[in-house]
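Asker:
In the working numbering, the protein residues as written are 1179 to 1260.
1) Nearest to residue 1247 by CA position, among 1202, 1214 and 1239, is which residue?
2) Just the Cα atoms here: how many angstroms apart are residue 1188 and residue 1180?
3) Between residue 1219 and the rest of its own chain, which residues show a CB-CB distance below 7 Å, the 5 nearest in sequence each way excluded?
4) Across which residues does DSSP place residue 1202 in a beta bridge pair?
5) Is it the case that the Cβ atoms of residue 1254 and residue 1207 are separated by a distance below 9 Å?
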């Protein structure tokens, strides 16, 4: 009946956890969790970065879909090997 559906009957929830860490790249540079900006970042992956906070991670409880980027992490590019 309708009241069962209103209370959540036949609903499902799917979640997955991700982990990552900032790593040191070379002697002077480290990877950084942040929201990358297209104007100053090269080689960005295809997807939607709108749900990332300034710390580069989606806030808990935010609904995401398949196109959403979950973790934003940048690393400097070696200018000699570019």
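C-beta atoms are modelled at their ideal positions from N, C-alpha and C, and glycine is treated no differently. Note that the structure is predicted; figures quoted are calculated from it, not measured.
Answerer: This is what the structure holds:
1) Per the C-alpha coordinates, the member of 1202, 1214 and 1239 positioned closest to residue 1247 is 1214.
2) In a straight line, the C-alpha of residue 1188 is about 12 Å away from that of residue 1180.
3) Answer for residue 1219: 1252, listed in chain order.
4) As DSSP reads the structure, residue 1202 sits in a beta bridge with 1208.
5) Going by beta carbons, residue 1254 and residue 1207 fall inside the 9 Å limit.
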